[in-house]
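Protein chains: 2
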Amino acid sequence: MNYKAKIYVTLKKSILDPQGRTVERSLHNAGFSSVQNVRVGKFIELELSGESFEVKTQLEAMTRDILSNPIMESVRFELEEAVMSSEF
Amino acid sequence: MNYKAKIYVTLKKSILDPQGRTVERSLHNAGFSSVQNVRVGKFIELELSGESFEVKTQLEAMTRDILSNPIMESVRFELEEAVMSSEF
């Protein structure tokens, strides 16, 4: 079975986010003055195949050990069965 | 009213993603050999306030004009009313 995973990696709330601060300042300068608490994280999409249980275990291991830094980042993923997709 | 927005910025399918290729190679080297088509995008969270319609219009403008490059990237957002959240 083929699966598609969406992985969200975000800095923990207690960690300063200089990239987010910069984006926030740009948005203020562009007139979006009500914007606050901008946080910039990563959104990783990937495909993988195997048995359902095995795929979940693999995904847990790779998000924890490779795709995120557990000291500074939180990570969460969604797993869906891949059927077909197109984008133009 | 206070809102929380989640913004997903991804490279268009037709654009090469060298960061994704590097992550894919690392995952293969770590034994996750079934992984393919890794794409790395951005996940931006922010808070903003105002009337519902005004907030939607602002968010459309800022995602299109500042937070993404429409030539190379696709962007999608979710908007939710902020109630309260905590993270430890």
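Line order of the protein sequences matches chains A and B. The numbering of the first sequence is this note's numbering, which starts it at 1 and goes up by one. The numbering of the second sequence is this note's numbering, which starts it at 1 and goes up by one. Virtual Cβ for every residue (Gly too), placed ideally from N, Cα, C. Bear in mind that the values here come from a model prediction, so they are computed numbers and not experimental data.
query, result
"Chain A within 7 Å of B/Arg-25, Cβ atoms only", "no"
"B/Ser-81 - partner residues in DSSP beta bridges", "Going by the sequence as given, residue 81 of chain B is Glu instead of Ser. Paired residues: B/Tyr-3."
"Contact with chain A by B/Tyr-8, beta-carbon distance below 7 Å", "yes"
"C-beta contact flag for B/Thr-63 and B/Val-75 at 7 Å", "yes"
"Option in B/Gly-31, B/Ala-82, B/Asp-17 with minimal Cα separation from B/Ser-49", "B/Ala-82"
"is_contact[A/Leu-16, chain B] using C-beta, thresh 7 Å", "no"
"Span separating the alpha-carbon of A/Phe-32 from that of B/Ser-68", "16 Å"
"Contacting residues, own chain, Cβ-Cβ under 6 Å from B/Glu-45 (five flanking each side not counted)", "Lys-6"
"Whole-number beta carbon distance between B/Val-23 and B/Val-40, since they are thought to touch under 8 Å", "6 Å"
"Classification of A/Asp-17 by the beta-carbon crowding that lies within 10 angstroms, buried from 16 upward", "buried"
"Residue-chain proximity (A/Met-72, chain B), Cβ-Cβ < 7 Å", "no"
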